[in-house]
Amino acid sequence: MYALMIRRLLILPFLLVLVALIAFLYPYLSGIDPTSSILRSRIGEREQTPEIVAAIREDLGLDKSLPYQFVYWLKDLIRGDLGQSYVSQAPVGEILFRGLKVTFILSIVSLTLAIIVSIPLGVYAGLYPGKRIDNLIAIITQTGVAIPEYWFAPMLILVFALHLGWLPSAGWRGPLYIIMPAVTLALRPIAYFTRLTRETMIEVMQKDYICAVRAKGVSELQVIWRHAFRNSLIPVVTMITLWLAGLLGGSVIVEVIFAVPGIGRIMYDAVLASDLPVIQAGVVLITALAIVINTLTDIGYIALNPAIRLDQQGR
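Quick note: the sequence shown uses our numbering, first residue 596, plus one each step.
Shown next as structure tokens:
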């Protein structure tokens, strides 16, 4: 068990360096010239004279060799110096972490909503497989998977903002502004969490130890919630954690439609404006978060799953 954990942790630094290398090479792979991006974004410097271009390249260190540029860039990245935005001239770190805070709040609210709805539905469907209620819940989950966010979000705006006037259509200025983006983001995880909870409950309820507990005269409610439900949570918690990692990467479609100033919207605007420092730092930040969360999830799964522990001890 500990060998698996150590292996996961040892791989982590190499993955992070690889991500940093890919982000660093983005301008060269995409064909975007940093000097041209700077000149386009600054009024009064539209004429790309050789002197101005040479001065900017020297200031950015682009006249040095590629390995030197990467090492120098990586040092700044490790120190937390992410540079300045070509467009707004603001520190990239401030821009990204401000957006990450918004995305984090939206992700937590949407995941909480998904958990509150999906877990009871999944448990109930798992207790009555093949029954009418199970079939009804299956139809609901299939619908949730099939409906795309880019269609569902405008429908919410049309009904609850334009027709009923209950909620604001876009922006991020108070609790009411969170509701429609959170509901949109919760739609798909509700479907997936419900399905997984149902499957794990069906599997656990067929285990021998459940029959043994029932034979002891334990009440059905205790059998379900104290024994079956608790043991079915490991894969569900794993999926929830992985889904959180994906949401923290920014839900571009939802954030753009609802004008949410999250990390996804920031990256979308940066790509449109060829704002390289924001793009590069954003790629590193988002991917690093996903890798770290996935690694911690793997370690937690290894620690909590008795089957993996016994398998490692047997070896």
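Idealized CB from N, CA, C, for every residue including glycine.
Rounded to the nearest whole angstrom, the C-alpha separation of residue 760 and residue 820 is 41 Å.
Under the Cβ criterion (8 Å, minimum of three pairs), the region 603-617 does not count as touching the region 850-858. Contact check between the region 730-743 and the region 809-828: fewer than three CB pairs, one atom from each, fall below 8 Å, which does not count as touching.
Of the residues 849, 691, 633, the one whose Cα lies closest to the Cα of residue 782 is 849.
Using a Cβ distance threshold of 8 Å, residue 710 and residue 719 do not count as a contacting pair.
Of the other Cβ atoms in all chains shown, fewer than 16 fall within 10 Å of the Cβ of residue 731; this residue is therefore exposed.
Distance from the Cα of residue 882 is smallest, within the candidate group 864, 846, 841, 893, for 841. In this structure, residue 891 lies away from residue 830, with their beta-carbon atoms at least 8 Å apart. Take the alpha-carbon of residue 825 and the one of residue 794: they are about 14 Å apart.
A straight-line Cα-Cα distance of about 6 Å links residue 699 and residue 843. In this structure, the CA atom of residue 846 is about 45 Å from the CA atom of residue 809. As summarised for the region 767-817, the continuous alpha helix (DSSP H) elements at least 4 residues long and confined to that stretch are 771-800, 803-810, given in chain order. For residue 796, the CB contacts under 6 Å within the same chain, skipping 5 residues up- and downstream, are 718, 721, 827 in chain order. If only uninterrupted alpha helix (DSSP H) runs of at least 4 residues are considered, those enclosed by the region 703-760 are 727-741, 744-751. Secondary structure in the region 817-898: the alpha helix (DSSP H) runs of 4 residues or longer, each lying completely within the stretch, are 828-843, 847-852, 858-868 in chain order. Between residue 880 and residue 622, the gap from beta carbon to beta carbon reaches 8 Å or more. Here residue 788 is near residue 834, since their CB atoms are less than 8 Å apart. Counted as a single uninterrupted DSSP element, the alpha helix (DSSP H) harbouring residue 664 occupies residues 661-674. As the crow flies, the alpha-carbon of residue 611 is around 18 Å from that of residue 837.
Residue environment analysis places residue 822 among the buried positions, since at least 16 neighbouring C-beta atoms fall within 10 angstroms of its C-beta. In the DSSP assignment, residue 679 forms a beta bridge with 686. Contact annotation, residue 631 with residue 873: C-beta distance approximately 16 Å; criterion of less than 8 Å not satisfied.
In this structure, 756 is the residue among 877, 713, 756 with its C-alpha nearest to the C-alpha of residue 764. Per DSSP, reduced to three states, the secondary structure at residue 763 is coil, with no helix or strand assignment.
By the C-beta density criterion, residue 772 is buried, having at least 16 other C-beta atoms within 10 angstroms.
Taking a 10 Å sphere around the C-beta of residue 766, we find fewer than 16 other C-beta atoms and assign the residue as exposed. Nearest neighbour of residue 715 by Cα position, chosen from 692, 786, 758, 876, turns out to be 786.
Rounded to the nearest angstrom, the gap between the Cα atoms of residue 616 and residue 694 is 23 Å.
Taking C-beta atoms as the reference points, residue 687 and residue 885 fail to come closer than 8 Å. Judged by DSSP in its simplified three-state form, residue 627 adopts coil rather than helix or strand.
A check of alpha carbon separations from residue 744 across 629, 675, 775 identifies 775 as the nearest.
Here residue 691 really is in contact with residue 861; their C-beta atoms are around 7 Å apart, less than 8 Å.
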